[in-house]
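Protein chains in written order, with the numbering used here: chain A, 1 to 277; chain B, 278 to 692.
For glycine and all other residues, C-beta sits at the position ideal for the given N, C-alpha and C.
The structure presented is a predicted model; accordingly, all values stated were derived computationally and were not measured.
Written out below as structure tokens is the structure these notes cover.
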Amino acid sequence: MNRIDDNIEVLEPGKRFSSYWGELWQYRELFYFLSWRDFLVRYKQTVLGVAWSVIRPILTMIVFTVVFGKLAKFPSEGVPYAIMVYCALLPWQFFATTFSEAGNSLLANARMLTKIYFPRLIIPASSLLVNLIDFFISFVILLGLMAYYQFMPSWKIVFIPVFLFMAMITSLGAGVLIVTLNVKYRDFRYVVPFVVQLGLYVSPVGFSSNIIPGKWQFLYSLNPMVGVIDGFRWSILGEGYTMNWAAFSLSAALTVLFFFISVTYFKRMEKSFADII
Amino acid sequence: MSVAVDVQGLGKKYLISKSDKQQYNTFRDRIYQLFIKKDSNSVEEFWALKDISFKVKKGERVGIIGRNGAGKSTLLKILSKITDLTEGRIEIKGKVASLLEVGTGFHPELTGRENIYLNGSILGMSRDEINAKMEEIISFAEIEKFLDVPVKRYSSGMTVRLAFSVAAHLEPEILVVDEVLAVGDAAFQKKCLGKMEDVAQKGRTVLFVSHQMEAIDKLCDSCVLLENGKFVMHDETSKVIDAYLSASKKYSEVDLSCIKSRHGEGRIRFTKTWIENGRGEKTPIVKSGDSIKIVAEYELVGAEPIANPAFAFAVNTIRNVAITDLSNFTAGDEFHEHEIPNKGKVVCEIPSLTLNTGSYYFNVLVRTPGAVEDWITEAFYFDVEAGDFFKSGNLPDTARLILMNQDWKLDFRDQ
């Protein structure tokens with residue numbers, strides 16, 4: 001009974017209590033519960049609930065197919081234009097919602113931040129899980145769409161998880177950076193909708209990135225979502241779709257670099273969040 | 278006995294910007310400062326805590342008392358790792374759970390049961406622990422019937438009971454508790470206090486902040502007294518409470534502009550408050566029956582005109598009995614928009630003070646329709662001395678709180 005606990009924690013200015021990632025692991029249940037809360041709330045609050053995550057991608061797909069495919073007559077890589085658009089919408093919507101939610105997450109949970117200790121990274125990260133569920137719902141629609149067009153996806157579809165992971169890293173990296181800036185400077189919240197709006201047209205969502213002239217391909221790949229979207233198209237569309245692997249590697253490397261920079265910045269600022277929020 | 282918490286030379290510094298009264302930084306301002314206005318003097322240092330040292334033994338229950346702004350909450354926040362310390366060192370032996378607010382993370386859309394899981398995990402319980410305690414938590418909160426109803430349909434009393442019940446079933450080695458007993462109805466408060474005693478009996482170390490001296494007295498073995506961020510004493514509870522209540526230092530005027538523990542939107546901010554006696558002198562000591570003025574200076578933050586604000590002074594005894602609210606709104610003296618200057622003072626004149634001998638404080642509050650703008654608890658402490666309230670030459674019994682003007686007659690009518 002009288003176990004002597006030698007586990008002494010020392011608090012000193014600027015010092016971490018234990019290893020950052022180890023602590024994050026210890027708090028995994030909180031991460032799970034917060035994701036669970038966001039999930040419950042999202043699907044309880046709106047009557048549309050699940051319907052919303054069905055309607056939104058479908059409507060966007062229809063508009064893009066009409067505007068880019070029918071009116072602008074962009075090439076469709078030998079597949080139905082709707083499917084080409086939808087393949088890109090999947091990761092794009094995932095990115096857009098995760099990025100916006102993560103970017104606003106600390107302010108939305110400000111009370112919790114000032115009243116309880118936990119590794120702060122949990123909060124922006126928990127928006128990932130909810131949006132993954134949305135992603136799966138949207139994915140099922142893709143299957144339906146393929147059935148409708150009697151389109152057989154390529155065997156490379158098994159690589160989807162790899163590109164999904166890349167989309168997660170991209171969204172979290174961007175979300176974590178913006179959430180840190182958002183706590184420090186409140187006017188960064190105006191940046192989020194702007195990035196999402198502009199990004200939709202800058203990224204190859206409504207068109208194939210193969211229509212970008214060759215000499216601009218590398219510059220274009222500086223946008224990490226270009227790599228993710230190309231990856232999705234490559235996995236699903238099959239032989240007809242040619243992929244610029246050099247540009248993709250650049251995109252992927254940038255994504256990882258960006259993620260580490262964001263998380264490092266977040267870790268540095270984390271301790272002051274409760275004071276300035 | 279081994280030491281559970283060892284605080285050595287703790288200090289916590291905040292930087293407050295002097296010039297702009299805006300609550301938050303914006304990137305726009307930052308850029309502006311970088312290129313146009315190189316003004317680094319606009320930031321002022323403020324030590325919320327300085328040179329705090331004390332030890333808490335394992336299994337000891339320690340109260341932390343002091344006035345608003347003394348640094349109690351900051352101390353708890355540092356101990357709970359919510360905020361970083363600026364200097365010094367703290368050694369903590371054992372797992373800490375902190376309860377700085379009842380119902381942190383509660384979501385109105387979720388049911389009682391879902392909130393128990395969520396709140397429990399926020400407070401640091403594992404899922405297995407929550408499952409094991411579920412029955413106990415539900416029955417303690419007395420909400421069996423409403424378990425699967427969203428919390429938004431609960432009465433406020435039920436929500437508080439549920440929230441406290443989750444917290445009460447935490448079993449850490451060290452429990453850090455802020456003023457949480459001040460919620461709920463009297464019967465439930467009593468039950469909570471009983472539960473807290475149970476927790477303490479089990480040999481857990483408890484650090485407890487409260488304004489309710491009875492609770493402190495009942496629960497704590499010893500107390501730490503803080504004043505203006507400085508350590509005053511750490512001694513037996515009764516001695517420290519006496520020292521606190523005798524309120525050694527009273528100020529004739531309190532500067533509210535740099536008080537951090539305030540609530541509200543902040544479009545109006547209090548800057549100063551004081552009491553004037555009948556001769557117009559600022560003083561913390563007045564007499565029963567005196568004609569006094571309670572004054573607060575305010576300033577508007579931002580350019581928005583403020584419509585019809587209601588100012589209030591809420592008077593309490595030092596033992597935290599709420600006596601009365603003085604408010605221009607209830608008194609019918611409304612201040613309309615065109616009459617509110619950017620800076621000014623509000624004066625509440627009391628022709629004859631009806632408080633009896635004792636120590637009191639008041640909170641200051643200002644609200645606009647639909648929002649609290651600024652709210653500072655324990656803004657000003659004052660003593661009331663015996664005075665000839667009734668102009669009769671007979672001083673009233675000092676064991677009562679309130680004096681009332683009265684006229685007596687003896688009626689001789691026939692039966």
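On the three-state DSSP scale, how would you describe residue i?
i: Q93 of chain A; result: helix
i: K507 of chain B; result: strand
i: F218 of chain A; result: helix
i: T388 of chain B; result: strand
i: N593 of chain B; result: strand
i: E77 of chain A; result: coil
i: P57 of chain A; result: helix
i: G579 of chain B; result: coil
i: G22 of chain A; result: helix
i: K549 of chain B; result: strand
i: Q310 of chain B; result: helix
i: G621 of chain B; result: strand
i: D519 of chain B; result: helix
i: K298 of chain B; result: Since pLDDT at K298 of chain B reaches only 48, below the 50 mark, its modelled position is unreliable, and no value is offered.
i: S629 of chain B; result: coil
i: P427 of chain B; result: strand
i: I399 of chain B; result: helix
i: A573 of chain B; result: strand
i: L292 of chain B; result: strand
i: V205 of chain A; result: coil
i: A409 of chain B; result: helix
i: D688 of chain B; result: coil
i: A587 of chain B; result: strand
i: K537 of chain B; result: coil
Measure how close the beta-carbons of residue i and residue j come, nearest whole angstrom, since I'm counting them as under 8 Å.
i: I178 of chain A; j: S203 of chain A; result: That belief does not hold up - the Cβ atoms of I178 of chain A and S203 of chain A are roughly 17 Å apart, past 8 Å.
i: T634 of chain B; j: T594 of chain B; result: 11 Å between Cβ atoms; not a contact.
i: V67 of chain A; j: V205 of chain A; result: Incorrect: roughly 11 Å between the Cβ atoms, too far for contact.
i: G506 of chain B; j: W652 of chain B; result: Contact doesn't hold; Cβ gap of about 21 Å is too wide.
i: G343 of chain B; j: L503 of chain B; result: 4 Å
i: K290 of chain B; j: F323 of chain B; result: 7 Å
i: G371 of chain B; j: S330 of chain B; result: So it is not a contact: roughly 20 Å between Cβ atoms.
i: D283 of chain B; j: L376 of chain B; result: About 21 Å separates the two Cβ atoms, so there is no contact after all.
i: G389 of chain B; j: D328 of chain B; result: The pair is not a contact, with the Cβ atoms about 45 Å apart (cut-off 8 Å).
i: V196 of chain A; j: F64 of chain A; result: Contact flag wrong, Cβ pair sits at about 15 Å.
i: N605 of chain B; j: V623 of chain B; result: 7 Å
Tell me where the beta strand (DSSP E) around residue i begins and ends.
i: V339 of chain B; result: R338 to I342
i: K332 of chain B; result: V320 to K334
i: N640 of chain B; result: G635 to T645
i: R111 of chain A; result: Premise fails: R111 of chain A lies in the alpha helix (DSSP H), A110 to K115, not in any beta strand (DSSP E).
i: Y241 of chain A; result: Looking at the DSSP string, Y241 of chain A is not in any beta strand (DSSP E), and its letter there is neither H nor E.
i: D660 of chain B; result: A648 to E662
i: S127 of chain A; result: From DSSP, S127 of chain A is part of no beta strand (DSSP E) but of the alpha helix (DSSP H) over I122 to Y148.
i: L377 of chain B; result: Here L377 of chain B belongs to no beta strand (DSSP E), and DSSP marks it neither H nor E.
i: E603 of chain B; result: A quick correction: the sequence has Leu, not Glu, at residue 603 of chain B. That run of the beta strand (DSSP E) goes A599 to S604.
i: V228 of chain A; result: Per DSSP, V228 of chain A belongs to no beta strand (DSSP E); it is in the alpha helix (DSSP H), P224 to L237.
i: E530 of chain B; result: E530 to D532
i: E9 of chain A; result: I8 to L11
i: I562 of chain B; result: I562 to K564
Taking the alpha helix (DSSP H) that residue i falls in, what are its first and last residues?
i: Y201 of chain A; result: V191 to V202
i: F163 of chain A; result: I160 to K184
i: K267 of chain A; result: W245 to M269
i: S279 of chain B; result: Premise fails: S279 of chain B is in no alpha helix (DSSP H) and is neither H nor E.
i: R366 of chain B; result: Counting along the chain, R366 of chain B falls outside any alpha helix (DSSP H), though it belongs to the beta strand (DSSP E) covering E364 to K370.
i: I276 of chain A; result: F273 to I276
i: K353 of chain B; result: This sequence places Leu at residue 353 of chain B; Lys is not what is there. Start and end: K349 to L356.
Going along the chain, which unbroken runs of the alpha helix (DSSP H) with 4 or more residues stay wholly within the segment 429-491 of chain B? Entirely contained in the segment 429-491 of chain B, the alpha helix (DSSP H) runs reaching 4 residues are, in chain order, 433-445 and 463-478.
Looking at chain A, which residues of the segment 353-375 of chain B have a Cβ within less than 9 Å of any of its Cβ atoms? K354, I355, L356, S357, K358, I359, T360, D361, L362, T363, E364, G365, R366, I367, E368, I369, K370, G371, K372, V373 and S375
Residues of the segment 29-43 of chain A in Cβ contact with chain B at a cutoff of 9 Å, in chain order, please. The residues in question are E29, L30, Y32, F33, L34, W36, R37, L40 and V41.
By the 8 Å beta-carbon criterion, what residues does the segment 180-200 of chain A contribute toward chain B? L181, K184, Y185, R186, D187 and F188
Going along the segment 92-122 of chain A in order, which residues come within less than 9 Å of chain B, judged by CB to CB distance? N109, R111, M112, L113, T114, K115, I116, Y117 and F118
Check each residue of the segment 300-311 of chain B: if its Cβ is closer than 7 Å to any Cβ of chain A, include it; give the result in chain order. So the list reads Y301, N302, T303, F304, R305 and R307, given in the order they occur along the chain.
Under 8 Å (Cβ pairs) to chain B, residues found in the segment 259-276 of chain A: Correct list: K271, S272, A274, D275 and I276.
Looking at chain A, which residues of the segment 382-393 of chain B have a Cβ within less than 7 Å of any of its Cβ atoms? G382, H384, E386, L387 and E391: these are the residues of the segment 382-393 of chain B whose beta carbon lies less than 7 Å from some beta carbon of chain A, given in chain order.
Members of the segment 404-417 of chain B that neighbour chain A once the beta carbon cut-off is set at 9 Å: R404
Of all the residues that make up the segment 647-665 of chain B, which are near chain A by a beta-carbon distance shorter than 8 Å? none
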